[in-house]
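Asks: For the sequence shown, the working numbering begins at 819 and goes up steadily by one.
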Amino acid sequence: MASGVHAAADGVAALGISPAGGEWAGPCPALRRNLHLLSHDQVELAKMLLNEGQGHLFEHWPEPGVDDDKKKSFFDQVCRLNSSYPGGLAAYIQNAKKLLAESKAGQNPYDGFAPSVPSGEVLTFGDDNFVSLEAAGVKEAHNAAFVLVAGGLGERLGYKGIKVALPRETTTGKCFLQHYIESILALQEASCKMEGECHTKIPFAIMTSDDTNALTIKLLESNSYFGMEPSQVKILKQEKVACLADNDARLALDPNDKYKIQTKPHGHGDVHSLLYSSGLLEQWKNTGRRWVLFFQDTNGLLFNAIPSALGVSATKGYNVNSLAVPRKAKEAIGGITKLTHVDGRTMVINVEYNQLDPLLRATGHPDGDANCETGYSPYPGNINQVILQTDILEQ
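1. Which of helix, strand or coil does DSSP assign to Leu941?
2. How far does the alpha helix (DSSP H) with Thr1034 in it reach, from first residue to last?
3. What do you get for Glu862, buried or exposed, if any count of 16 or more other CB atoms within 10 angstroms of its CB means buried?
4. Using 10 angstroms around the beta-carbon of Pro1021, count the other beta-carbons present and answer buried if the total reaches 16, otherwise exposed.
5. Considering Thr1158, what are the terminal residues of the beta strand (DSSP E) in which it resides?
6. Which residue marks the beginning of the alpha helix (DSSP H) containing Thr1133, and which one marks its end?
7. Assuming Leu855 and Lys890 are in contact, meaning their beta carbons sit under 8 Å apart, how far apart are those beta carbons, in whole angstroms?
8. What does DSSP give as the partner residues of Gly1199 in its beta bridges?
9. Buried or exposed: Pro927, going by 16 or more other Cβ atoms within 10 Å of its Cβ?
10. Would you mind listing the alpha helix (DSSP H) stretches within the stretch 1066-1121 that are 4+ residues and don't spill past its ends, in chain order?
11. Since I believe Val1204 is in contact with Val1138 (beta carbons under 8 Å), could you give me their beta-carbon distance rounded to a whole number of angstroms?
12. Is the beta carbon of Ala1147 less than 7 Å from the beta carbon of Asp1187?
13. Return the bridge partner residues of Gln1248 from the DSSP annotation.
14. Using 8 Å as the Cβ pair cut-off and three pairs as the minimum, do the stretch 1070-1088 and the stretch 999-1012 touch?
15. Over the uninterrupted alpha helix (DSSP H) stretch that includes Ile1167, give me the two end residues.
16. Name, in chain order, the residues that DSSP records as bridge partners for Pro985.
17. Apart from the five residues on each side of it in sequence, which residues of its chain come closer than 6 Å, Cβ to Cβ, to Ala932?
18. In the DSSP assignment, the beta strand (DSSP E) including Phe964 goes from what residue to what residue?
19. Can you confirm whether the stretch 1047-1064 touches the stretch 898-911 when touching is taken to mean that 3 or more C-beta pairs between the two stretches lie within less than 8 Å?
20. Against chain D, with Cβ distances strictly below 7 Å, would Glu958 count as a contact?
21. What is the DSSP secondary structure of Pro933, reduced to helix, strand or coil?
22. Tell me whether the stretch 958-978 and the stretch 1013-1029 touch, counting them as touching only if at least three CB pairs, one residue from each stretch, are closer than 8 Å.
23. Kindly list the residues whose CB is nearer than 8 Å to the CB of Gly979, restricted to its own chain and excluding five residues on each side of it in sequence; keep chain order.
24. Ala1132 to Ala914, Cα distance in whole Å?
25. Please list the terminal residues of the continuous beta strand (DSSP E) segment that includes Ala1188.
26. Strictly by DSSP, which residues pair up with Leu1054?
27. What is the DSSP secondary structure of Val790, reduced to helix, strand or coil?
28. Taking the C-alpha atoms as reference points, what is the distance between Val940 and Leu1141?
29. Buried or exposed, going by whether 16 or more other CB atoms sit within 10 Å of the CB of Val1160?
30. What are the start and end residues of the alpha helix (DSSP H) that includes Asp887?
31. Name the two residues that bound the continuous alpha helix (DSSP H) containing Asp946.
32. Along the alpha helix (DSSP H) that carries Lys916, what are the first and last residues, could you check?
33. In the structure shown, what three-state DSSP assignment does Ile980 receive?
34. Taking its Cβ as the centre, do 16 or more other Cβ atoms sit within 10 Å of Thr1155, making it buried, or is it exposed?
35. For Ala1060, write down the residues that DSSP places opposite it in a beta bridge.
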C-alpha cells in the first residue's frame, strides 16, 4: 500500500502539483482530489475549464477509485472539443459569453452602420449578356472546386434518410446528390472542350456530420459515385461543439451521462475552417483552383445558374459573389445588403428579413423595406450560394 501511495505522489510531483493537490484547483475540491489521475495535458485542460468558470463540470466527481476511467474519458472529449474550434474551447466559451452579454444588454450589431443597395449584375435568362457570361463561366469551370454544405437529415420533410438522397424529381427518381455530381461532370466536360487539351478533374467536397457521414458514403459507394472518380470526392466531417446550459455560458452536461458534455452540430459556417484545417484549401490553391463554389443540399435549380454566376465572378473579378434571387419587400428571406460604418468600414452581407426593415427605418428610410419600380425589394434574396476566390477564402 505504501509503495502505491509513493508512486501516486511521484506522479503528482512530476506534474508540478503539490501532493496535497494544485492550489489553483482549490475552488473545486472534487477535481482537486482527482488530479493525480490526470496527465499533464489533461491538467492543463482542467485549469482552462476552471479559468473559464466551468467548475460545475466536476462538482459531482466522486473520490478517486470510483469511475476513474469515465473521468479520463471526459477529458478525451474535452480534448476533441478543444482541437475542433479555432482558438480552442476557451475561445469558444469567451465568444459565447461576449455574444450572450451583448444580447442581454440589447446591443444592436448594426449600430453605426448605414444600409445601401449592393452593386451586382442582374441577369435575364437567354439574352446576349446572359449567354456571354454563361459561356465565360463554363470556360472557367475547370479552375473551380465545388463544396456541398450537406449536414442535414430529412426529418422535417417526413423523410428518414439524408436530404441529398431525396429524389430531385418524380419522373426518374434521381436523387439530389446524383444530380449535383452529374452537373459537375457535365461542366467538367464542357469546360475542357472549350480549353482544348484539358484533362482537369473538378474536385468536389461534401461536408457531413455524425448523423449523415456514414449514409453519405454509403450512397456514393453503392452507386459508384454516380460516375465521378472517387479521388475527386472528399468528405469533410464536421465535429460538434459544446452546448450551453445558461446565459453565463456554462457548458451543459449530458443528462444521460454526467461525464460527458452535451454537444450539437456546429452549423454551416464550420465548412470554411474545415477546408483550411484539412489542407484541402491549400491543395486546391496549389493545383490552380481559382474559385470555390459553395451550395446547399436541396436546390435542384441551382446548376442552371451556376455557369453564368461563375462567369460574372471571372469577368468582373469579384472576390466574393453571392447568387441571389428577386425578393418581395418584407418576404421571409434574408436580403443581401451593403453596410457602411461611420468609421468608413464597408461590408456586403446577408441581413435577416426581420432585421432589415427596422434597420432601414432607423437610418433614414421611412418606408423601410419597400418594393421599388421593379415590383421587388432592391435588396435581393439570399439563397446561400456563394462563389469565393481561393486566395480570399484562405485569408
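Each residue gets a CB set at the ideal place from its N, CA and C atoms; glycine is no exception.
Replies: Per the coordinate set shown:
1. For Leu941, the three-state secondary structure derived from DSSP is coil.
2. Boundaries of the alpha helix (DSSP H) around Thr1034: 1031-1040.
3. exposed
4. buried
5. 1153-1159
6. Thr1133 -> alpha helix (DSSP H) spans 1120-1134.
7. 7 Å
8. Val1143, Gly1153
9. exposed
10. 1088-1095, 1098-1104
11. Correct: roughly 7 Å between the Cβ atoms.
12. yes
13. No information on residue 1248 is available, as it lies outside the stretch 819 to 1213 that the chain covers here.
14. no
15. Ile1167 -> not in any alpha helix (DSSP H); beta strand (DSSP E) instead, spanning 1164-1169.
16. Cys993
17. Thr1158, Thr1181
18. Here the beta strand (DSSP E) through Phe964 covers 962-967.
19. yes
20. The displayed structure is made up of one protein chain only, and chain D is not part of it.
21. strand
22. yes
23. Leu971, Gly972, Leu1033
24. 38 Å
25. Under the DSSP assignment, Ala1188 falls outside any beta strand (DSSP E); it carries neither an H nor an E label.
26. Met1025
27. The displayed coordinates of the chain run from 819 to 1213. Any statement about residue 790 would go beyond what the structure contains.
28. CA-to-CA, the gap between Val940 and Leu1141 works out to about 10 Å.
29. Classification for Val1160: exposed.
30. Unbroken alpha helix (DSSP H) run through Asp887: 886-901.
31. According to the DSSP assignment, Asp946 belongs to the alpha helix (DSSP H) that extends over 946-958.
32. 906-922
33. strand
34. buried
35. Thr1081
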